[in-house]
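Visitor: 1 is the number of the first residue of the sequence shown in my numbering; add one for each residue after it. Every residue, glycine too, gets a C-beta built ideally from N, C-alpha and C. Just so we're clear, the structure is a prediction, and the values are computed from it rather than from any experiment.
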Amino acid sequence: MITLSKKEMLLVSFMLFSMFFGAGNLIFPPYLGQEAGSFVWLSIAGFVLSAVGLPILGVIAIAKAGSFYQLASRVHPSFALIFPILIYVSIGPALAIPRAGSLAYEMGMAPFLPAQAVDSPWSLFLYTLVFFGIVFWFSLTPSKLIDRFGKILTPTLLTMIALIYVKSLFTPLGPTGVPAGKYATNPVVQGFLDGYLTMDALAALVFGIVIANTLRSKGIEDKKQLSANMIKAGIGAGMLLTFIYVILGLLGSSGASLGRPENGGLLLTAIMRQLFGTSGTLILGVIFTVACLCVSIGLVTSCSQYFHGRFKGLSYRAWAIILCVLSMGVANLGLSEILSVSVPILGAIYPIAIVLILLALLERWIPAHSSVYMTTVAVVTVFGVVDLMNLTFFHQSWNDILGFLPFYKEGAGWIMPAIFAGFVGVLLDFRKRTDRTGTRTTTTPSK
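1. Alpha carbon to alpha carbon, what distance is there between A353 and L202?
2. Please confirm whether A228 and L103 have their CB atoms less than 8 Å apart.
3. Apart from the five residues just before and just after S13, which ones in its own chain have a Cβ nearer than 6 Å to its Cβ?
4. With DSSP run on the structure shown, which of helix, strand or coil describes R364?
5. Leaving out five residues before and five after Y69 in sequence, what residues of the same chain have Cβ atoms less than 7 Å from its Cβ?
6. Hey, which unbroken runs of the beta strand (DSSP E) at 3 residues or more fall wholly within the segment 301-386?
7. Kindly provide the ranges of any alpha helix (DSSP H) runs that are 4 or more residues long and lie completely inside the segment 212-265, ordered along the chain.
8. Return the CA-CA distance between L4 and L158, expressed in angstroms with no decimal places.
9. Rounding to the nearest angstrom, what Cα-Cα distance links K6 and L226 in this structure?
10. Buried or exposed: which applies to H327, given that a residue is buried once 16 or more other Cβ atoms fall within 10 Å of its Cβ?
11. Figure out for me which residue from E410, I366 and L391 has the closest Cα to the Cα of G425.
12. Suppose the cutoff is 6 Å on Cβ atoms and the five residues either side in sequence are ignored; what does the same chain contact list for V210 look like?
13. Could you compute how far the alpha carbon of K447 sits from the alpha carbon of R436?
14. Short check: CB of T376 to CB of L428, under 8 Å?
15. Give a yes or no on whether the C-beta atoms belonging to F20 and D200 are separated by under 8 Å.
16. Could you check the C-alpha separation between C324 and S78 for me, to the nearest Å?
17. Report back the beta-carbon spacing between S217 and S139 to the nearest angstrom; my notes put them in contact at under 8 Å.
18. Who are the Cβ neighbours of T198 in its own chain at under 7 Å, not counting the five residues just before and after it?
19. DSSP three-state call for F47: helix, strand or coil?
20. Does the beta-carbon of M15 have 16 or more other beta-carbons within 10 angstroms, so that it is buried, or is it exposed?
21. Could you check what DSSP says for M109 in three-state terms: helix, strand or coil?
22. Touch check for the segment 90-99 and the segment 275-288: three-plus C-beta pairs under 8 Å?
23. Of the choices T381, I152, T176 and P155, whose alpha-carbon is the least far from that of G259?
24. Here's the rule: buried if 16 or more other CB atoms are within 10 angstroms of the residue's CB, otherwise exposed. What is T185?
25. Going by the CB atoms, is the gap between K167 and L267 shorter than 8 Å?
26. Starting from G150, follow the alpha helix (DSSP H) in both directions and report where the run begins and ends.
27. Once you ignore the five residues that flank F430 on each side, which residues in its own chain have a CB closer than 6 Å to its CB?
28. For N332 and I419, what's the separation of their Cα atoms in angstroms?
29. Going residue by residue through the segment 70-96, where are the continuous beta strand (DSSP E) segments of at least 3 residues, counting only ones entirely within it?
30. Run the CB neighbour count on P121, radius 10 Å, all protein chains shown included, and call it buried at 16 or more, exposed below.
31. Comparing C-alpha positions only, which one of F383, A421, G422 and F393 sits nearest to G403?
32. Rounded to whole angstroms, how far is the Cβ of G33 from the Cβ of L248, which I believe are closer than 8 Å?
33. Go ahead and label S90 buried or exposed: buried means 16 or more other beta carbons lie within 10 angstroms of its beta carbon, across all protein chains shown.
34. Alpha helix (DSSP H) containing Q190: first to last residue?
35. Given S38, which residues of its chain have a CB within under 8 Å of its CB, disregarding the five upstream and five downstream residues?
36. Going by C-alpha distance, which of F47, E35, H395 and N390 is nearest V189?
Have a look at this one:
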């Protein structure tokens, strides 16, 4: 039996952390910290529960089920064909990869260009051409990702963020602010909902294939050992994410004197200028670029491996080319256009992913063949479609009706329908068992 050394396990955890930690993960915690003010620790606790807990549970769910396809098969074979493709397309070339390229440009290149160049579409085109060229080059050799992520990109990212925090200790940003809005009344709940919005549980389902293939390249083929090591990697990556989220949240909580920027990106820019002067913009640009590269490489690799395995007609290299070209094309539509189209779709499919993850973790009580999978996923899917139509086609005119659902205003209105559907599934299982018992009783021949 092959056993990974502590160093090898650490490198795998570093790789998974880098694939999770993108630009969005940089932006959310500082903004949360500033809004939470003196309640920052409570808000961060809630944030970590969802932004770290759900992705780790996602990795564990894939490890226990064996693969994303096997997990989705518990609902229905047709669902197992459609839903993974929808996830890979949505979180891949339709949103996350192009968004990473656009954000890397906005934060890593645009601040150093003259205004006329920033407004020119050619600037974004040339930048994304180079950006996705680098992504493609890294993605060509998935077996080397553990060394490139674990030994180069992740240490670089962690070192730079640690440098910012150390600098803030010697150059205080200012006093902690006063909690604002819902952070003043429900800091833990609001932090949890903010973490929910990172949607990293989707990434966990996607990245499972890369982690599994990486471990197999190390000679680990036994299913139980593979599952155990995937879980260890998930926990390791979760610990790193927690560490970074705490640092970024504390930085944001000390930024009360910097005003109230509209988003975490602007707040981070103000913090960096306060700490490092004009060079702060350069440091932040490098951090954003490295983070966006890591996420893009991880997603292109994951999607290429999945589509190559599902559709054998094209090679892994061909899929990597297709994904990079598509992502580059979508990135040049502009960040606002990408978000306006893709975010509502992701919001509709994200609850389905969470339901699958939670059901997989309850395997001791809810077996793989249970009707609970079908009923719960069906109801959550219908809710997602209705909510998507409300947001995109009916301009939220159904809010008065849907608003009666608990947590709907917070973006989690699917929870109560899912619980109700789960109970229905349990009753259906009970009825099936009763019918089978009754059939056996009536067909037993008399002696």
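Guide: Taking the definition as stated:
1. So the two alpha carbons sit approximately 7 Å from each other.
2. no
3. A233, G236 and A237
4. coil
5. A80 and P84
6. As far as the segment 301-386 is concerned, it has no whole beta strand (DSSP E) run of at least 3 residues.
7. 223-253
8. The straight-line gap from Cα to Cα measures roughly 23 Å.
9. 15 Å
10. Looking at the sequence provided, one finds Ser at residue 327 rather than His. Burial call: buried.
11. With distances taken between CA atoms, G425 lies nearest to I366 out of E410, I366 and L391.
12. Cβ neighbours of V210 beyond the five flanking positions: T301 and S302.
13. Low per-residue confidence applies at K447: pLDDT is 47, beneath 50, and the placement is therefore not dependable enough to give any value.
14. Cβ atoms of T376 and L428: not closer than 8 Å.
15. In contact: F20 and D200 (Cβ atoms closer than 8 Å).
16. 28 Å
17. Not really, about 15 Å apart at Cβ, beyond 8 Å.
18. G24, N25, F28 and A51
19. When DSSP states are grouped into helix, strand and coil, F47 belongs to the helix group.
20. Under this definition M15 is a buried residue.
21. coil
22. no
23. T176
24. exposed
25. no
26. Where G150 is concerned, there is no enclosing alpha helix (DSSP H), given that its DSSP letter is neither H nor E.
27. none
28. 41 Å
29. Within the segment 70-96, complete beta strand (DSSP E) segments of at least 3 residues are not found at all.
30. exposed
31. F383
32. In this structure G33 touches L248 by the C-beta definition: roughly 7 Å separates them, less than 8 Å.
33. buried
34. Looking at the DSSP string, the run of the alpha helix (DSSP H) that includes Q190 is P187 to Y196.
35. T176, G177, V178, P179 and S253
36. F47
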